[in-house]
Amino acid sequence: MLEIKNISKTFNSGTINEKKVLSNVSLTLEDGDFVTVIGGNGAGKSTILNLVAGVYPVDEGKIIIDGNDVTKLPEHKRAAFIGRVFQDPRMGTASDMWVEENMSIADSRGHRRGVRWAITSKDRERFREQLKLLDLGLENRLTTKMGLLSGGQRQAITLLMATLKRPKLLLLDEHTAALDPKTAAKVLEITDRLVKENSLTALMVTHNMKDAIAYGNRLIMMNAGKVILDVRGEEKKNLTIEALLEMFTKASGAEFASDRALLS
Amino acid sequence: MQILLNWLDTLPGAVSQGLVWGIMAIGLYITYKVLDIADLTVDGSITTGAAVCTVMVTNGENIILAMLCAVIAGMLAGMLTGLLHTLLGIPAILAGILTQLMLWSVNLIVMDGRANIALSRLKYGDKVLISSGASDIYVTLGILAAIVIVIVLLLYWFFGTELGMSLRATGNNLDMSRAQGINTNFTKVFGLALSNGVVALAGSLLAQQQGSADINMGRGAIVIGLAAVIVGEALFQKKTTNFAIRLLFVVCGAIIYWLVFQTVIFLGLPSEYLKMLSASVVAIFLGLPYLKTRLGLKKKKTEGKTNA
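The listed protein sequences derive, respectively, from chains S and Z.
Position 254, counted from 1, in the first sequence is what the numbering used here calls 254; the numbers after and before it change by one each time, with no gaps.
Position 167, counted from 1, in the second sequence is what the numbering used here calls 431; the numbers after and before it change by one each time, with no gaps.
Here is the structure:
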């Protein structure tokens, strides 16, 4: 479903701030893979997601989604294949627009936007049903401004928007990191359900080792711009935080340097 | 008593001016409020609208055709600003200034090198849509009100379509828009073209209302338009989130603006102070929210201190 072939990325190339974030990374996701990605700060986790989404171009390498080479496509064109949820709940939705307007924008993803009236009563009913499944009471707030909702509510709606038009690939960039633990758990549960129900292929970056183990069928660990661990199936199910930390130390030759990962 | 009657006499003229500038302000609303771009192209494109319309009518063309061409000319100007901004990466405000300066030459060329071309009702008879004369002011008011309503309805429809929705999303959240597959460069160019088309339409009406096209008529137009947008929003903001009604409030803002100005002039303020007054009004209204939050913050800080 997703093929990342030998990609590299260096920021601020040729300046004193030059930073090689990814070097020669390859990764293949099978159809239906739900991959969790962990790693310390600056390991290159978010960069991979942003390169796949087309936020900035790769220096070298290829990105292929479902057989389509998207390496040269701009961000908005790749969006036809990709659903995204960001870390900042404000980033995934338009604050000054209504809930139903936001959903309608997501509903047009991958289509040519013409002068058809955007929200018909049929659409509205469909949005209402989808929102009802979130079980957050949002089905009665179709004409509430997005900016008035809480971070958790906004992330849940962003998730819904990312999966409304079934994407070939779902990219989740620490999408629960800005939420309180209870809300984060709820949003993760919704994530898991949406991925399973739609049998989506997903890539989820997280700082939380427990979540990384609990969710998905495959786990990869990154360090200093390289994939240092790739575990799947039974082996992944039997992982413990202690075992992960040990593997990290062994593979990277350093202690895992993220308090956030340990404190959860 | 006589003074009061004289003052009342000036009001229909003020409302008529308010309606024309209200149309201009609706154009500005599209860039300033919907796309979140301060577009300085308008100072030039309002004159372009006036120039194109005036020259065509004086050459014997039909007024409707002339106004239509004015709109198209305005849209091209907006498109140029949009392309400078999106293709060349020039900051929007600077792109607008560049186009505005180019339009100065364009407008002079359109007007065949003349700084002023008369378009009086007397000379051109029924060839103009609205009148510069005081005698049929109420007909003018009716036509202008009808134009305002048609524009508001058209824009209300447009911003409810998928394309219109993508323009609003672009102004609201660029990251989200791109993630949802919106070509934000296209929507920006489109919005700027649409906006300047409406502004040029206002320009063509302004020429008819003043009875002439003048190379300097657009100077400070953005400030007057902003004043209308800000006054309209400030007075009626909390009342509704309905887009069509918000646009009507912007027109109300323009009318209030001109009523106040007419009154100030009537009370004896020399007209050379007008631009200073409009800029001051806009500065105050733009600055108020900032001052409020600053004062609010100070309050919180002292509260924190006393609590500690």
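For each residue, glycine too, the CB sits at the ideal point set by N, CA and C.
Given the structure is predicted, the values throughout are model-derived calculations rather than measurements.
Distance check between S/D69 and each of S/V52, S/V85, S/D59, S/G83 places S/V52 closest, using alpha-carbon atoms only. Beta-bridge partners assigned by DSSP to S/E3: S/T28, S/I64. With contacts defined by Cβ atoms closer than 8 Å, Z/T322 and Z/L393 do not form a contacting pair.
Separation of S/K62 and S/S23 (C-alpha to C-alpha, rounded to the nearest whole angstrom) is 13 Å.
For S/F34, there is no enclosing alpha helix (DSSP H); the residue is found in the beta strand (DSSP E) stretching over 34-39. Of all residues in the segment 455-474 of chain Z, none is placed with a Cβ closer than 9 Å to any Cβ belonging to chain S. Considering only S/E242, S/E246, S/N217, the residue with the shortest C-alpha distance to S/E235 is S/N217.
A straight-line Cα-Cα distance of about 18 Å links S/L171 and S/M103.
Buried is the label assigned to S/Q153, since at least 16 other Cβ atoms lie within 10 Å of its Cβ. Counted as a single uninterrupted DSSP element, the stretch harbouring S/R90 is not any beta strand (DSSP E), since DSSP gives it neither H nor E. Between S/V21 and the set S/L29, S/T10, S/E242, S/E101, the nearest pair of CA atoms involves S/T10. Think of a sphere of 8 Å around the beta carbon of Z/I294: no beta carbon from chain S falls inside it, the nearest being about 15 Å out. Neighbours of S/V115 in chain Z, taken as residues at a C-beta separation under 9 Å, are given in chain order as W421, F422, T425, E426, L427, G428.
When only Cα atoms are considered, S/A79 and Z/Q444 end up about 6 Å apart. Under the DSSP assignment, Z/A477 falls in the beta strand (DSSP E) whose first and last residues are 476-478. Neighbours of Z/R510 across chain S, judged by C-beta separation under 9 Å, do not exist; the nearest C-beta is about 12 Å away. Using a 10 angstroms sphere on the CB of Z/I519, the tally of other CB atoms reaches 16 or more, which defines it as buried. Listed along chain S is no residue with a C-beta nearer than 9 Å to that of Z/N270; the closest approach is about 45 Å. Under the DSSP assignment, S/G110 falls outside any beta strand (DSSP E); it carries neither an H nor an E label.
Burial check for S/H76: the Cβ neighbour count within 10 Å reaches 16 or more, so the residue is buried. Taken through DSSP and simplified to helix, strand or coil, Z/I407 comes out as helix. Shortest Cα-Cα distance from S/P74 to any of S/K145, S/G54, S/V58 involves S/G54. Annotation: the continuous alpha helix (DSSP H) that includes S/L49 extends over 45-53. Measuring C-alpha to C-alpha distances from Z/A278 to each of Z/G532, Z/K556, Z/Y521, Z/L552 identifies Z/Y521 as the nearest. In summary, no residue of the segment 545-558 of chain Z has a CB separated from any CB of chain S by less than 9 Å. Think of a sphere of 7 Å around the beta carbon of Z/G445: the chain S residues whose beta carbon falls inside it are H76, A79, A80, R109, G110, in chain order. By the Cβ test, the segment 474-489 of chain Z is not in contact with the segment 86-93 of chain S, since fewer than three Cβ pairs between them sit closer than 8 Å.
Around the beta carbon of S/K19, fewer than 16 other beta carbons lie within 10 angstroms, which makes this residue exposed.
In this chain, the alpha helix (DSSP H) harbouring Z/V279 covers 266-293. Judged by pairs of C-beta atoms under 8 Å, the segment 362-370 of chain Z does not touch the segment 505-513 of chain Z, as fewer than three such pairs exist. In the three-state reduction of the DSSP assignment, S/L172 falls in the strand class. Of all alpha-carbon atoms in S/K165, S/E197, S/N208, S/L169, the one lying nearest the alpha-carbon of S/T176 is that of S/N208. Z/S459 carries a helical assignment under DSSP once its states are collapsed to helix, strand and coil.
Contact between Z/L550 and Z/I488 is absent: CB atoms are separated by about 14 Å, not below the 8 Å threshold.
For S/L160, the enclosing alpha helix (DSSP H) stretches over residues 151-164. Within chain S, the residues H76 have their CB atoms less than 8 Å from the CB of Z/T448, given in chain order.
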